[in-house]
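To start, the structure under review is shown below, and the notes come after it.
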């Protein structure tokens with residue numbers, strides 16, 4: 001609503017400039033290049049990778065100017081727009097809504113690096129899979145230890161904008177369309193279990209279902225076999241784990257031979273003939289041209305399996321897109 005009207009955007013910018021000047025005067029904000037561009041609300045329908053995180057973060061950063069604009073709309077706008085503004089204003093000035101904005105912003109911050117790497121056409125799969133693991137760890141740590149600090153952060157925010165802070169030791173009051181119901185658990189329990197843990201558990205479940213251990217091992221192994229950048233990601237242990245995912249083709253008797261082949265293969269493949277290869281298609285052709293497919297048959301076998309990588313990475317990108 002605020003971001004779509006030119007008049008309201010001008011009002012927002014004027015109010016924003018006043019708040020920035022005040023924050024700079026108090027030392028609460030450091031000016032930097034591109035500050036005005038960074039402090040912008042995403043328009044409706046703008047849902048590119050990472051834009052949701054930016055929208056939540058900017059809403060928090062520009063909360064004061066946004067409230068000023070809503071106030072102006074309530075006073076000056078036509079009836080329909082005025083009613084919408086009243087509803088938004090009422091919601092924004094509640095602890096629960098501000099808690100949710102801060103909470104979702106923090107959750108999205110955990111996955112923002114994944115957003116960036118998966119929208120890059122030249123995906124660094126090793127780094128991406130490591131970031132998936134880090135994201136899971138950070139979400140789990142947030143689940144176990146993050147609620148108290150979040151409540152403290154939101155409480156300070158509410159004090160700054162004169163918003164009533166929830167009393168967490170009271171019984172939670174469910175407000176419905178036709179009646180109010182007091183349940184037998186506290187407000188703190190509602191935030192901890194019904195909002196905080198439930199949301200994080202859902203996000204972890206989504207990550208685990210789309211990036212399970214087998215998928216991660218597969219992608220890491222394939223990436224470590226990739227010839228890009230002169231085999232810069234080559235890692236024998238991860239490649240062996242990848243081979244173990246194909247027990248019919250790499251049995252326990254061939255695995256020892258495979259390790260020796262990999263050790264010799266990586267030394268010989270650092271010659272000029274194997275520079276500037278752009279993927280497994282180039283690598284398989286070069287192995288055939290140099291007759292090394294016969295010298296390292298197990299390596300060549302796994303390279304042929306790895307030619308399925310474009311299908312795998314597309315599946316992973318779609319999976320993460322669904323999460324975001």
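Residue numbers (UniProt numbering): 1 to 324.
Cβ atoms here follow ideal geometry from the backbone N, Cα and C, with glycine treated the same way.
Here the structure is a predicted model, which is why all the values come from computation and not from measurement.
Through-space distance from residue 217 to residue 132, alpha-carbon basis
Within the chain shown, the letter at position 132 stands for residue 132. Within the chain shown, the letter at position 217 stands for residue 217. About 12 Å.
Write down the C-beta distance between residue 99 and residue 88 rounded to the nearest angstrom, noting that I regard them as a contact closer than 8 Å.
Mapped onto the chain shown, residue 99 falls at position 99. Mapped onto the chain shown, residue 88 falls at position 88. Not quite, the Cβ-Cβ distance comes to about 17 Å (not below 8 Å), so this is no contact.
Tell me which residues share the same chain as residue 82 and place their Cβ nearer than 7 Å to its Cβ, disregarding the 5 neighbours each side in the sequence.
As a working mapping, residue 82 is identified with position 82 in the chain shown. Cβ within range, chain order: 73, 74.
Consult DSSP for residue 249 and reduce its assignment to one of helix, strand or coil.
Start at 1 with the first residue of the chain shown, and residue 249 comes out as number 249. Three-state result, residue 249: coil.
To the nearest angstrom, how far is it from the Cα of residue 247 to the Cα of residue 264?
By one-based count along the chain shown, residue 247 stands at place 247. By one-based count along the chain shown, residue 264 stands at place 264. About 23 Å.
Please report the distance separating the alpha-carbon of residue 159 from that of residue 153.
Taking the first residue of the chain shown as 1, we reach residue 159 at position 159. Taking the first residue of the chain shown as 1, we reach residue 153 at position 153. The alpha-carbon atoms of residue 159 and residue 153 are separated by roughly 10 Å.
Using the Cα positions of residue 301 and residue 105, report the straight-line distance between them to the nearest angstrom.
Taking the chain shown and counting its residues from 1, the one referred to as residue 301 is at position 301. Taking the chain shown and counting its residues from 1, the one referred to as residue 105 is at position 105. C-alpha separation (whole angstroms): 45 Å.
Under three-state DSSP, which class holds residue 163?
In the chain shown, the residue the question calls residue 163 occupies position 163. In this structure, residue 163 counts as coil in the three-state DSSP scheme.
Note down, one range per segment and in chain order, each alpha helix (DSSP H) of at least 4 residues found wholly within the segment 47-120.
Scanning the segment 47-120 from its first residue to its last, the whole alpha helix (DSSP H) runs of 4-plus residues come out as 51-61, 63-76, 79-92, 95-118.
Given a threshold of 16 other Cβ atoms within 10 Å of its Cβ, counted over all protein chains shown, does residue 141 qualify as buried or as exposed?
Here residue 141 corresponds to residue number 141 of the chain shown, with the count starting at 1. So residue 141 ends up on the exposed side.
For residue 296, three-class secondary structure by DSSP
Against the chain shown, residue 296 aligns to sequence position 296. In the structure shown, residue 296 sits in coil (DSSP, three-state: anything other than H, G, I, E or B).
Just verifying my parser: in three-state terms, what is the DSSP assignment at residue 282?
What you label residue 282 is simply residue 282 of the chain shown in a count that begins at 1. Residue 282 falls in the helix class under three-state DSSP.
In the DSSP output, which residue or residues are listed as bridge partners for residue 349?
Not covered by the structure: residue 349. The range shown for the chain is 1 to 324.
Which residues does DSSP pair with residue 186 in a beta bridge?
Within the chain shown, numbered from 1, the residue matching residue 186 stands at position 186. Among the bridge pairs identified by DSSP, residue 186 is matched with 171.
Between which two residues does the alpha helix (DSSP H) holding residue 198 run?
Reading the chain shown from its first residue, position 198 is the one you call residue 198. Run containing residue 198: 198-210, per the alpha helix (DSSP H) assignment.
From residue 299 to residue 250, what does the alpha carbon distance come to, in whole angstroms?
The residue labelled residue 299 in the question sits at position 299 within the chain shown. The residue labelled residue 250 in the question sits at position 250 within the chain shown. Looking at the two C-alpha atoms, the distance is approximately 11 Å.
Considering only their Cβ atoms, is the gap separating residue 128 from residue 110 smaller than 7 Å?
Indexing the chain shown from 1 puts residue 110 at position 110. Indexing the chain shown from 1 puts residue 128 at position 128. Cβ distance not < 7 Å, so residue 110 and residue 128 don't count as in contact.
Give the straight-line distance between the Cα atoms of residue 155 and residue 202, rounded to the nearest whole angstrom.
On the chain shown, position 155 is the one that residue 155 refers to. On the chain shown, position 202 is the one that residue 202 refers to. Spanning the two alpha carbons is a distance of roughly 25 Å.
Count the other C-beta atoms from every protein chain shown that fall within 10 angstroms of the C-beta of residue 274, then say buried if there are 16 or more, exposed otherwise.
Here residue 274 is taken as the residue at index 274 of the chain shown, counted from 1. That one is buried.
Which of the three DSSP states is assigned to residue 146 in this structure?
Taking the first residue of the chain shown as 1, we reach residue 146 at position 146. If DSSP states are grouped into helix, strand and coil, residue 146 belongs with coil.
I'd like to check one pair, residue 233 with residue 243: are the Cβ atoms closer than 7 Å?
Against the chain shown, residue 243 aligns to sequence position 243. Against the chain shown, residue 233 aligns to sequence position 233. For residue 243 and residue 233, no; Cβs fall outside 7 Å.
Which residues bound the alpha helix (DSSP H) around residue 238?
Along the chain shown, read from residue 1 onward, the residue named residue 238 stands at position 238. Per DSSP, residue 238 belongs to the alpha helix (DSSP H) from 236-244.
Going along the chain, which residues of its own chain have a beta-carbon closer than 8 Å to the beta-carbon of residue 161, five neighbours each way excluded?
Stepping through the chain shown from its first residue, residue 161 is reached at position 161. Cβ neighbours of residue 161 beyond the five flanking positions: 63, 64, 67, 93.
Cβ-Cβ distance between residue 60 and residue 143 below 7 Å:
Counting from one through the chain shown, the residue named residue 60 turns up at place 60. Counting from one through the chain shown, the residue named residue 143 turns up at place 143. Not closer than 7 Å, so no.
CB-CB length for residue 167 against residue 195, believed under 8 Å:
What you label residue 167 is simply residue 167 of the chain shown in a count that begins at 1. What you label residue 195 is simply residue 195 of the chain shown in a count that begins at 1. Contact flag wrong, Cβ pair sits at about 16 Å.
Own chain residues within Cβ distance below 6 Å of residue 204, not counting five before or after
In the chain shown, the residue the question calls residue 204 occupies position 204. Once the five neighbours on either side are set aside, the close Cβ partners of residue 204 are 139.
Ordered along the chain, which non-local residues of its own chain (more than five positions away) have a Cβ less than 6 Å from that of residue 227?
Within the chain shown, the letter at position 227 stands for residue 227. The answer, listed in chain order, is 277, 283.
Check whether the Cβ atoms of residue 236 and residue 262 lie closer than 7 Å to each other.
Here residue 236 is taken as the residue at index 236 of the chain shown, counted from 1. Here residue 262 is taken as the residue at index 262 of the chain shown, counted from 1. Their beta carbons are under 7 Å apart, which means residue 236 touches residue 262 by this criterion.
Helix, strand or coil at residue 264 [DSSP, three-state]:
Taking the first residue of the chain shown as position 1, residue 264 is located at position 264. Reduced to three states, the DSSP call for residue 264 is helix.
Please classify residue 57 as buried or exposed, where buried requires at least 16 neighbouring CB atoms within 10 angstroms.
Position 57 of the chain shown, counting from 1, holds the residue named residue 57. Looking at its Cβ environment, which holds 16 or more other Cβ atoms inside 10 Å, residue 57 is buried.
Is residue 156 helix, strand or coil when you go by DSSP?
In the chain shown, residue 156 corresponds to position 156, counting from 1. Residue state, collapsed to three classes: helix.
Out of 254, 164, 137, point me to the one whose CA is closest to residue 208's CA.
Mapped onto the chain shown, residue 208 falls at position 208. The option with the nearest alpha carbon to residue 208 is 137.
Roughly how many angstroms separate the alpha carbons of residue 117 and residue 157, rounded to a whole number?
As a working mapping, residue 117 is identified with position 117 in the chain shown. As a working mapping, residue 157 is identified with position 157 in the chain shown. Roughly 32 Å between the two C-alpha positions.
May I ask you to report which of helix, strand or coil DSSP gives residue 232?
As a first step, residue 232 must be located in the chain shown, where it is residue number 232. DSSP places residue 232 in coil when its eight states are reduced to three.
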